[in-house]
Each structure stands twice: as C-alpha cells, then as structure tokens.
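These notes concern the structure reproduced below.
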Amino acid sequence: MNTEILKEKQLRATPFRKKVLEVFLNNEHAISAQDIEEALGKFDRITLYRTIKAFIKNGVIHEIAMPGEVKRMALCDPVCNHDDGLHEHNHVHFQCRKCDEVYCVEVEELPDIRLKGFKVEEVEVQAKGICQNCR
Ligand SMILES: [Zn+2]
Ligand SMILES: [Zn+2]
Ligand SMILES: [Zn+2]
Numbered sequence: 124m125n126t127e128i129l130k131e132k133q134l135r136a137t138p139f140r141k142k143v144l145e146v147f148l149n150n151e152h153a154i155s156a157q158d159i160e161e162a163l164g165k166f167d168r169i170t171l172y173r174t175i176k177a178f179i180k181n182g183v184i185h186e187i188a189m190p191g192e193v194k195r196m197a198l199c200d201p202v203c204n205h206d207d208g209l210h211e212h213n214h215v216h217f218q219c220r221k222c223d224e225v226y227c228v229e230v231e232e233l234p235d236i237r238l239k240g241f242k243v244e245e246v247e248v249q250a251k252g253i254c255q256n257c258r
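For my numbering, count along the sequence shown from 1 and bump the result up by 123.
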C-alpha cells in the first residue's frame, strides 16, 4: 500500500521514503517535522528535508499553517491536483481546542469563493472546536 501512493505520485519508493510515509499513515491527525523526527529515531536530516520537499511537490503531503503555530503536514486527498505546486483538497483543517491536534476533515464541497479581479487558485478553510476524541 505504501509503495502504491508513492508510485501514483510518481516517486520512487525508496526504503526511507516508505518509512516517512508510514509515519503519516500511522497518524490520523496532521504532524510536525519534529513528530516525524521523533518517530524515525535515527535519520539523516538532509535526506528527511529532501523527502518532505519531494512529498509536498508531488502531492503526497501538504503543509498546514495554523496562525501562530508550528507548521504541520498531512497526507493529501487522492484527488489532490499538485500541478505547479498547488494543492487541491476537499477538506477543512480543523483544530481541536482541547488536544490542539489538527485534522483534515473531508467535506462534500468547499465554498466556491469568487473574488472580483482576482483568480483564486487555492482555498483553505480552517475551523476550530472540539474533536471527536475530546467530546
Ligand atoms: Zn495536496
Ligand atoms: Zn481533541
Ligand atoms: Zn489537509
């Protein structure tokens, strides 16, 4: 399964890439670079940095920046269109006020935002509240 995601996203499935991908698959919420580092234990920092970059570029993962927080990353939707480095997801980024975790929550459709005179290429919706685990 691991290998398939990488293949679909046109990335060679090296043992290290598979390991990093596994960290994402093992977490249902978004994770930070530090979370990945802790999960990997021993690793080469430059290889990890390059792997993350390739994953983002090829639409395996995307970055999530909640205001005032460290950057997190999460797996992309299978539909993610990563052309020109743009990500396309049908989900909302939900942050739980109790556990602080950020989840990618799928929605039927994101609001269609039209801005006069501007060409919208990417829309990100962020929501806050209480997650399923904390309710
Ligand atoms: Zn994406
Ligand atoms: Zn929570
Ligand atoms: Zn997301």
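Glycine included, C-beta positions come from ideal geometry on N, C-alpha and C.
Just so we're clear, the structure is a prediction, and the values are computed from it rather than from any experiment.
Among all the DSSP beta bridges, which residues are the ones paired with residue i?
i    : result
G252 : C219
L238 : F241
R195 : S155 and I187
Taking the C-alpha atoms as reference points, what is the distance between residue i and residue j?
i    : j    : result
A153 : V146 : 10 Å
G252 : H216 : 11 Å
I169 : R140 : 13 Å
L163 : V225 : 21 Å
I need the boundaries of the beta strand (DSSP E) containing residue i, first residue and last residue.
i    : result
I187 : I184 to I187
L171 : Looking at the DSSP string, L171 is not in any beta strand (DSSP E); the run it does join, the alpha helix (DSSP H), is R168 to K180.
With respect to 7 Å, is the separation between the Cβ of residue i and the closest non-hydrogen atom of ligand 3 below this value?
i    : result
A197 : yes
Secondary structure at residue i, three-state DSSP: helix, strand or coil?
i    : result
E160 : helix
V230 : coil
Please indicate yes or no: does the CB of residue i lie closer than 7 Å to some heavy atom of ligand 2?
i    : result
I253 : yes
Kindly examine ligand 1 and report whether one of its heavy atoms sits closer than 7 Å to the Cβ of residue i.
i    : result
G182 : yes
Return the first residue and the last residue of the alpha helix (DSSP H) that residue i is part of.
i    : result
E145 : P138 to L148
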